[in-house]
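To start, the structure itself, in structure tokens.
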Amino acid sequence: MKFIIHLFVLELFILSNTCNVTATVLSKNYDKVNLETPKKNHYCSPMDAILSRQSVRDYTSEPVATEQVSMILKAGFAAPSAMGSRPWHFLAIDDRTVLGNLAGLHSYAGMLRLAPFAVLICGDRSLEVIADKFEQNCSAATENILIAATALGLGSVWVGIYPDEGLMKKFREALNIPEKIFPFAIVPIGYPKKSLSPRESYIPERVHMNRW
Ligand SMILES: Cc1cc2nc3c(=O)[nH]c(=O)nc-3n(C[C@H](O)[C@H](O)[C@H](O)COP(=O)(O)O)c2cc1C
Numbered sequence: 003m004k005f006i007i008h009l010f011v012l013e014l015f016i017l018s019n020t021c022n023v024t025a026t027v028l029s030k031n032y033d034k035v036n037l038e039t040p041k042k043n044h045y046c047s048p049m050d051a052i053l054s055r056q057s058v059r060d061y062t063s064e065p066v067a068t069e070q071v072s073m074i075l076k077a078g079f080a081a082p083s084a085m086g087s088r089p090w091h092f093l094a095i096d097d098r099t100v101l102g103n104l105a106g107l108h109s110y111a112g113m114l115r116l117a118p119f120a121v122l123i124c125g126d127r128s129l130e131v132i133a134d135k136f137e138q139n140c141s142a143a144t145e146n147i148l149i150a151a152t153a154l155g156l157g158s159v160w161v162g163i164y165p166d167e168g169l170m171k172k173f174r175e176a177l178n179i180p181e182k183i184f185p186f187a188i189v190p191i192g193y194p195k196k197s198l199s200p201r202e203s204y205i206p207e208r209v210h211m212n213r214w
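Its first residue numbered 3, the sequence shown is counted upward by one per residue in the working numbering.
Okay, structure coming up:
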């Protein structure tokens, strides 16, 4: 009996630490989506999302819901940027043919063939207030997108494009991106085949208190 109670408590713990969300139909009106939907109840806590985030490269065929796409894009724009320049463009991609074509451009992006959705994070250097902060600004937006996806019960992975000139050229050509825009990273997003739980990655020897 004690063993069964122990199992039940363990199951409750696991359930409370995973981020499962039910999908609805995808549409393109991401800016007009009412975020006060019941889906809000499915958010993970910020710490659970951060600690659960991991690269997910295998997805179910379930589409990503409009509300979730909207929140993911808002999370991208909410990232910090040098002098608040927010020098980003985000390409939201849900066309299966386009996703399949993009998979063929990149040696490590085969998961785009399975993903129902992806965000391409692009940097626009002409919008930067301080030069040479391009990588940091785009990295911050990319990480926000990964965390937001995790918080919504979705799986995602950072697929690097910048600074590979050849890859950037291929993505520009495939997606009609202007020459001055830098395709930085693409993040495939979909429902993970396995639910995500917080992982232990703390390295005590690399934490220095007050001085090295
Ligand atoms: C700059 C950068 C580029 C990456 N590029 C790829 C990639 O091209 N393909 C891929 O599958 N994963 C890519 N990743 C994901 C890493 O492989 C992954 O984050 C790493 O193995 C750690 O695993 P985790 O994300 O599960 O913690 C990239 C990550 C970063 C930060």
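All C-beta atoms, glycine included, are put in the ideal place defined by N, C-alpha and C.
Residue i versus residue j: straight-line alpha-carbon distance, rounded
{"i": "T26", "j": "I179", "result": "Caution applies to T26, whose pLDDT of 35 falls short of 50 and renders its modelled position unreliable; the value that the coordinates give is listed next. The alpha-carbon atoms of T26 and I179 are separated by roughly 30 Å."}
{"i": "R201", "j": "R55", "result": "8 Å"}
{"i": "L53", "j": "I205", "result": "14 Å"}
{"i": "L28", "j": "M211", "result": "Only weak support is given to the placement of L28: the predicted model assigns it a pLDDT of 41, under 50, and the question is left unresolved by the model."}
{"i": "M113", "j": "F186", "result": "18 Å"}
{"i": "A77", "j": "R213", "result": "34 Å"}
{"i": "Y45", "j": "I74", "result": "12 Å"}
{"i": "L122", "j": "G162", "result": "10 Å"}
{"i": "A51", "j": "G168", "result": "34 Å"}
{"i": "S203", "j": "K182", "result": "38 Å"}
{"i": "E64", "j": "G157", "result": "12 Å"}
{"i": "S109", "j": "L116", "result": "15 Å"}
8 Å CB neighbourhood of residue i in its chain, flanking five on each side removed
{"i": "F184", "result": "C124, G125, D126, R127, F136, C140, Y164 and M170"}
Test: residue i CB closer than 9 Å to a CB of chain C
{"i": "S57", "result": "Absence of chain C from the displayed structure is noted, only one protein chain being present."}
Assumed close pair residue i, residue j - CB separation to whole angstroms, cut-off 8 Å
{"i": "F119", "j": "I95", "result": "7 Å"}
{"i": "L148", "j": "V189", "result": "6 Å"}
{"i": "A151", "j": "I191", "result": "5 Å"}
Own chain residues within Cβ distance below 6 Å of residue i, not counting five before or after
{"i": "E130", "result": "S87 and P89"}
{"i": "S83", "result": "N139"}
{"i": "L37", "result": "Because L37 carries a pLDDT of 47, less than 50, the predicted location of this residue cannot be relied on, and the following value inherits that uncertainty. Same-chain partners within the cutoff: there are none."}
{"i": "K172", "result": "L107"}
Close-in-space but distant-in-sequence residues of the same chain around residue i (CB under 7 Å, 5 per side omitted)
{"i": "N103", "result": "A176"}
{"i": "R59", "result": "M113 and V159"}
{"i": "A81", "result": "A142, A143 and N146"}
Near ligand 2: residue i beta-carbon under 8 Å from a heavy atom
{"i": "Q138", "result": "Within the structure as shown, ligand 2 is missing, the only ligands being ligand 1."}
### Task
Counting only runs of 3+ residues fully inside the stretch 105–130, write out the beta strand (DSSP E) ranges in chain order.
Fully enclosed beta strand (DSSP E) runs of 3 or longer: 119–126.
### Task
Identify every run of the beta strand (DSSP E) within the stretch 146–173, keeping only runs that are complete inside it and at least 3 residues long; order them along the chain.
Listed in chain order, nothing qualifies, since the stretch 146–173 has no complete beta strand (DSSP E) run of 3 or more residues.
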